Amino acid sequence: MPKLTIHSAGKESDVNVPEGTLLIDAVRSNGFEIYAPCGGKGKCGKCKVYVRDEGHVTSCLYTIDKNVEVVLPEPAEAKILSAQYEYSRVLPLSPGRSSRLSDSPFGVAIDIGTTTLAFYFIRLTTGSLLETRTVLNPQAKYGADVISRINYCITVPEGLNTLQSELIDSINMQLAHFTESPDIKQNDIVKISICGNTTMLHILLGKNPQPLAFVPFTPVFTEEKILRASELNLHCNPRGEVKVLPSLSAYIGADIVAGIASLAPVPAHKNYLFIDVGTNGEIALVTEDRIWCCATAAGPAFEGANIEHGIGALQGAINFFHGPGDLNIIGDTRPIGICGSGLIDVVAYMLRAGNLGTDGYIEENFVVVASGISATGADIYISPKDIREIQLAKSAIATGINILLMRAGLTANDIDALYLAGGFGNYIRKESAEAIGLIPSGLSQKVVPVGNTSGTGAILAIRSVHFDRVTEEIRSRMISFDLSEDENFALQFAINMEFPERSGI
Ligand code: FES
Numbered sequence: 004m005p006k007l008t009i010h011s012a013g014k015e016s017d018v019n020v021p022e023g024t025l026l027i028d029a030v031r032s033n034g035f036e037i038y039a040p041c042g043g044k045g046k047c048g049k050c051k052v053y054v055r056d057e058g059h060v061t062s063c064l065y066t067i068d069k070n071v072e073v074v075l076p077e078p079a080e081a082k083i084l085s086a087q088y089e090y091s092r093v094l095p096l097s098p099g100r101s102s103r104l105s106d107s108p109f110g111v112a113i114d115i116g117t118t119t120l121a122f123y124f125i126r127l128t129t130g131s132l133l134e135t136r137t138v139l140n141p142q143a144k145y146g147a148d149v150i151s152r153i154n155y156c157i158t159v160p161e162g163l164n165t166l167q168s169e170l171i172d173s174i175n176m177q178l179a180h181f182t183e184s185p186d187i188k189q190n191d192i193v194k195i196s197i198c199g200n201t202t203m204l205h206i207l208l209g210k211n212p213q214p215l216a217f218v219p220f221t222p223v224f225t226e227e228k229i230l231r232a233s234e235l236n237l238h239c240n241p242r243g244e245v246k247v248l249p250s251l252s253a254y255i256g257a258d259i260v261a262g263i264a265s266l267a268p269v270p271a272h273k274n275y276l277f278i279d280v281g282t283n284g285e286i287a288l289v290t291e292d293r294i295w296c297c298a299t300a301a302g303p304a305f306e307g308a309n310i311e312h313g314i315g316a317l318q319g320a321i322n323f324f325h326g327p328g329d330l331n332i333i334g335d336t337r338p339i340g341i342c343g344s345g346l347i348d349v350v351a352y353m354l355r356a357g358n359l360g361t362d363g364y365i366e367e368n369f370v371v372v373a374s375g376i377s378a379t380g381a382d383i384y385i386s387p388k389d390i391r392e393i394q395l396a397k398s399a400i401a402t403g404i405n406i407l408l409m410r411a412g413l414t415a416n417d418i419d420a421l422y423l424a425g426g427f428g429n430y431i432r433k434e435s436a437e438a439i440g441l442i443p444s445g446l447s448q449k450v451v452p453v454g455n456t457s458g459t460g461a462i463l464a465i466r467s468v469h470f471d472r473v474t475e476e477i478r479s480r481m482i483s484f485d486l487s488e489d490e491n492f493a494l495q496f497a498i499n500m501e502f503p504e505r506s507g508i
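And the structure:
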């Protein structure tokens, strides 16, 4: 049998695999994950990995017929978290009763994102954060967004069970890593808090997510759930508490509720926007008495999906572009594609340089990096279809912001700050975002990147029972509505498809 050597996160493992096995399957069956938004159908080109002596290959199309050495890309998300606590709420340490289940109790806060799972390991006696880990959501192989996951649950027998088990297995794998340390026993993990969007939380608890995809979009549950760890078969203290944080609606999940609750805005910020640009774009406009919220169908374009040379924030991604030859690549490597922040920079440049009309017209593909420089040996470019995807995504967000402002009777001038959550918020160049019309004119100076607020909310829920009160107060002020039912939606969406006028480089 051929030998497969897998290099990942500085470690190396060797396994023998039957001849003819697909590379993606061989890698996954050995506990590693590869981002595969089209579900391994060979259509999206996003599952590329580096094979020694051969270069980048599409792992879902590559069959192993000899010894192979593969180097998996490093997710860059883990690096986004260092500066995120500046605007976070501070609560007294009070982890609750389950901390009495061990003399040396630990808690784990988990943020279940559609693309990425983030884990935060916390010592409950001090509240200190010991370790942070991010891994790809193993469900990504069944589809990039929540709709395709719901669809999988509806159309595939046992689909919900499959997705639930994938999630639980992935969580257990991280719990096992954490308890590899000789002074941490499985029974010492006595509290787990879980945040995520409404679909992810339904799947986690084995609840049918089908109603989330159809009018009137009624979730099976939105309230906080408290379970014993044994009920979910989590490999920690079986009597440990698992707290699933409350959501608001089908599309305003616990990630948004806890995200807003986790913030401690500066007192001068009376009216502020909170935007989480992830696989969907959720937006909230926080005023003194109400919080107006909506979810936009921004799609995963800013995470690199549906863009010909788009990739996530991985090693080899162009994450900054100021002009030909003036760019930055994540990691010390040749570029393999463009991630969300790079994409916005490239489009902003194209507008400045006159390569792109305000109506989105481009004459030909815009080459960002030529074949001689790229790691794939092919041009990395932006196509007219990519521009269309970006127009749709940016219009969805800009329209959401405009309609929230209209509902609240405010204008962009009344906004004191724009808190931008998610990994994307940390990398995005605000000037580029304003230049392409993703955020309203004049707001780029008010952007405050706040990192993974959903993760911060889960951490606060582990550290302090007082976070429940804060979350409930925030939740009681939130009003969620369906954007597409707003009478201004169609017109606003059409207007926001245009790019703003720019001139000069
Ligand atoms: S091309 Fe391999 S997962 Fe899409």
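In this text, residue positions in the sequence shown follow the working numbering: the first is 4, and each later residue adds one.
Ideal Cβ positions, reconstructed from N, Cα and C, are used throughout, including at glycine.
These figures come from a predicted structure and were not determined experimentally.
Kindly list the residues whose CB is nearer than 7 Å to the CB of G209, restricted to its own chain and excluding five residues on each side of it in sequence; keep chain order. L163, Q167
Please list, following the chain, all residues that have a C-beta closer than 7 Å to any non-hydrogen atom of the ligand FES. I27, A39, P40, C41, G42, G43, K44, G45, K46, C47, G48, K49, C50, T61, S62, C63, L64
So, helix, strand or coil for I278, using DSSP? strand
Excluding the 5 residues flanking I477 on each side, which residues of the same chain have their C-beta closer than 8 Å to its C-beta? V260, I263, A264, I294
Give me the Cβ distance between I248 and S173, rounded to the nearest whole Å; I'm assuming they're in contact under 8 Å. Note on residue identity: the sequence assigns Leu, not Ile, to residue 248. Between S173 and L248 the Cβ distance is about 19 Å, and since that is not below 8 Å, they are no contact.
Compute the beta-carbon to beta-carbon distance between P387 and A147, rounded to the nearest angstrom, for a pair I have assumed lies under 8 Å. The pair is not a contact, with the Cβ atoms about 22 Å apart (cut-off 8 Å).
For C47 and V350, the rounded distance between their alpha carbons: 21 Å
For the alpha helix (DSSP H) holding G440, just list the boundary residues, first then last. Counting along the chain, G440 falls outside any alpha helix (DSSP H), and DSSP gives it neither H nor E.
Spell out whether any CB of chain D is found under 8 Å from the CB atom of Q495. Protein chain content of the structure displayed is limited to a single chain, and chain D is not contained in it.
Terminal residues of the continuous alpha helix (DSSP H) containing D471? 470 to 480
Reference C198; option with closest CA among E244, K188, I462: I462
CB L408 to CB A415, shorter than 8 Å? yes
Ordered along the chain, which non-local residues of its own chain (more than five positions away) have a Cβ less than 8 Å from that of R231? P241, R242, G243, E244, V245
Take every Cβ of the segment 106 to 117, pair it with every Cβ of the segment 173 to 193, and state whether three or more of those distances are shorter than 8 Å. yes
Can the beta-carbon of L75 be found closer than 8 Å to that of F35? yes
Pull up the DSSP beta-bridge partners for E244, would you. K194, R231
How about N200 and T299: do their beta carbons lie closer than 8 Å? no
Beta-carbon contacts of D489 that lie in its chain and below 7 Å, excluding the five residues immediately before and after: I406
Using a threshold of 8 Å, state whether the C-beta atoms of K49 and A39 are closer than that. yes
What three-state label does DSSP hand G209 in the structure shown? coil
Assuming G319 contacts G340 under a Cβ cut-off of 8 Å, what Cβ separation, rounded to an integer in Å, is found between them? 7 Å
Helix, strand or coil at T336 according to DSSP, with G and I counted as helix: coil
Please work out which residues of its chain come closer than 7 Å, Cβ to Cβ, to Y155, disregarding the five sequence neighbours upstream and downstream, and give them in chain order. Y145, G146, G162, L166
Comparing C-alpha positions only, which one of S250, V193, S374, S102 sits nearest to T474? S250
Expected contact under 8 Å - CB spacing of A267 and Y90 to nearest Å: 6 Å
By Cβ distance, which residues of its chain are closer than 7 Å to G345, with the 5 residues on each side in sequence left out? A320, I321, N322, F323, F324
Please go through the same chain and pick out, in chain order, the residues whose beta-carbon is closer than 8 Å to the beta-carbon of Q44, but skip the five residues on each side of it. Just to set this straight, residue 44 is Lys in the shown sequence, not Gln. Hits under 8 Å: C63.
Is it the case that the Cβ atoms of I393 and V371 are separated by a distance below 8 Å? no
Return the chain-ordered list of same chain residues with a C-beta closer than 6 Å to the C-beta of F258, the five sequence neighbours on each side being excluded. Looking at the sequence provided, one finds Asp at residue 258 rather than Phe. The residues are C198, G199, N200, S457.
Report yes if the C-beta distance between V453 and A420 is below 8 Å; otherwise report no. no
Note the first and the last residue of the continuous alpha helix (DSSP H) segment covering Y155. 149 to 158
Over the uninterrupted alpha helix (DSSP H) stretch that includes N175, give me the two end residues. 162 to 181
Under a three-way DSSP split, which group does T402 fall into? helix
Provide the residue span of the alpha helix (DSSP H) that contains N511, from first to last. What is shown of the chain runs 4 to 508, which leaves residue 511 out entirely.
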